[in-house]
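Number of protein chains: 2
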Amino acid sequence: MEHFPAPLEELVEQFAKLPGVGRKSAQRLAFHMLGQPQEACERFARALVNAKTQVTCCPSCQNFTAGGLCPICASQKRDHSVICVVADPRDVAAMERAREFRGLYHVLHGVLSPMQHVGPDDLAIQPLLSRVAKGDISEVIMATNPDTEGEATALYLARLLKPFDVKVTRLAYGIPMGGHLEFADDATLMRALEGRLEL
Amino acid sequence: MEHFPAPLEELVEQFAKLPGVGRKSAQRLAFHMLGQPQEACERFARALVNAKTQVTCCPSCQNFTAGGLCPICASQKRDHSVICVVADPRDVAAMERAREFRGLYHVLHGVLSPMQHVGPDDLAIQPLLSRVAKGDISEVIMATNPDTEGEATALYLARLLKPFDVKVTRLAYGIPMGGHLEFADDATLMRALEGRLEL
Chain A
1 MEHFPAPLEE LVEQFAKLPG VGRKSAQRLA FHMLGQPQEA CERFARALVN AKTQVTCCPS
61 CQNFTAGGLC PICASQKRDH SVICVVADPR DVAAMERARE FRGLYHVLHG VLSPMQHVGP
121 DDLAIQPLLS RVAKGDISEV IMATNPDTEG EATALYLARL LKPFDVKVTR LAYGIPMGGH
181 LEFADDATLM RALEGRLEL
Chain B
200 MEHFPAPLEE LVEQFAKLPG VGRKSAQRLA FHMLGQPQEA CERFARALVN AKTQVTCCPS
260 CQNFTAGGLC PICASQKRDH SVICVVADPR DVAAMERARE FRGLYHVLHG VLSPMQHVGP
320 DDLAIQPLLS RVAKGDISEV IMATNPDTEG EATALYLARL LKPFDVKVTR LAYGIPMGGH
380 LEFADDATLM RALEGRLEL
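Protein chains in written order, with my numbering: chain A, 1 to 199; chain B, 200 to 398.
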């Protein structure tokens with residue numbers, strides 16, 4: 001039990017609930033906020049409530065958006081016949097940074113994980129099937145992480161998509177750009193070899 | 200520029216303003232809060248505003264408190280003739296954890312630092328002098344950190360307190376309990392030798 005007044009203690013506790021923030025860090029953050037002007041605290045408080053109330057999932061791709069269709073789904077400049085399936089909204093941001101993909105996305109909001117009790121009903125799989133069932137989709141690109149759960153999820157979805165007349169692909173595995181062969185793990189090297197391309 | 204909706208982006212920015220929180224961590228924290236129930240976000244938001252509005256400085260010792268005299272200054276069980284001067288409210292918490300000191304505190308809210316443009320007027324020095332001037336104080340213990348600025352602040356205060364009939368002491372320097380001689384730095388060893396006690 002620290003000797004802090006109750007409202008300060010409560011703020012420390014709230015910070016300490018954040019992932020990766022221990023009690024010492026939480027104290028530091030709470031004291032930092034106490035040192036800020038009233039307006040800064042209120043702005044932070046508003047941001048917390050607004051993010052939760054105003055951010056919704058796009059009814060089409062399930063990515064986070066501020067109400068209605070997300071800007072990507074609403075854009076006429078994107079290729080509406082290709083869907084890139086990702087686990088997380090942050091993956092959409094990563095793909096967009098690469099400025100290579102011009103199609104649409106579908107955010108699953110997780111991956112299948114029997115260990116964590118995440119089953120197909122916990123992910124945005126039905127909305128993806130509905131999108132594909134409507135037709136007009138030529139290709140679905142699986143872009144889940146290349147780990148056990150991401151792989152399993154991609155394979156599961158590929159099987160579900162079989163009945164539809166749609167090409168299902170996935171991102172290439174290989175040596176990352178700027179990476180060194182000597183530091184690459186065996187599995188990556190094996191996949192890079194399997195996926196070798198003609199020059 | 201990430202592709203997040205504005206309210207989410209705003210929350211990421213607020214988290215990123217915290218000390219030691221980079222943009223990647225801020226994203227992780229913002230996404231974590233989005234995954235929490237509405238009630239959790241509102242409670243966090245309330246804690247931010249309440250801490251700022253309800254936490255005040257004790258009119259006597261300047262420690263943070265929830266209005267009025269702090270519990271330590273108000274306690275009849277403490278020795279009101281001894282004042283321990285610390286730089287920060289967290290130092291009070293540290294001292295209280297040690298359960299050794301039974302006097303009162305005085306929180307300076309910083310240390311003298313010409314480099315950071317912190318002068319005597321930026322610290323709670325006048326309130327300390329007023330407390331000592333009222334009499335009834337037998338000893339003032341300097342417990343600022345044993346670094347350059349903490350030392351300078353302690354010496355400065357000791358000089359200011361000279362005119363008053365009060366004993367001014369400071370915490371002992373030495374090898375920390377559980378510490379190893381071989382890992383102690385030269386300055387600490389020198390101070391430990393200077394401050395050696397008879398067994």
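Beta carbons: idealized from backbone N, C-alpha and C, even for Gly.
Just measuring C-alpha positions, the residue of N145/A, A87/A, G103/A sitting nearest C73/A is G103/A. Taken in chain order, the unbroken stretches of beta strand (DSSP E) that lie wholly in the stretch 73 to 124 of chain A and span 3 residues or more are 79 to 86, 103 to 107. With at least 16 other beta carbons inside 10 angstroms of its own, F203/B counts as buried. Residue pairing from DSSP places C57/A in a beta bridge opposite F64/A. The Cβ-Cβ distance between L29/A and V254/B does not fall below 8 Å.
Relative to I125/A, the option among M115/A, Q116/A, M142/A, G22/A whose CA is nearest is M142/A.
Collapsing the DSSP output to three states places T153/A in a helix. With a contact defined as Cβ atoms closer than 8 Å, V166/A and E139/A qualify at about 7 Å. Beta-carbon to beta-carbon, V111/A and T153/A are separated by about 4 Å, close enough to satisfy the 8 Å threshold. Taking the Cα of P236/B as reference, the smallest distance to any Cα among E42/A, N50/A, E39/A is reached at N50/A. Counting along the chain, R395/B sits inside no alpha helix (DSSP H), nor does DSSP assign it H or E at all. Here V365/B carries a coil assignment [DSSP, helix/strand/coil]. With 16 or more other Cβ atoms inside 10 Å of its own Cβ, K251/B counts as buried. Taking 8 Å as the threshold, the shortest C-beta distance from K251/B to chain A falls below it. Taking V12/A as the centre and dropping the five residues before and after it, the same chain places the C-beta of A26, Q27, A30 closer than 6 Å to its C-beta, in chain order. Across the structure, G195/A and F64/A are spaced so that their CA atoms are roughly 33 Å apart.
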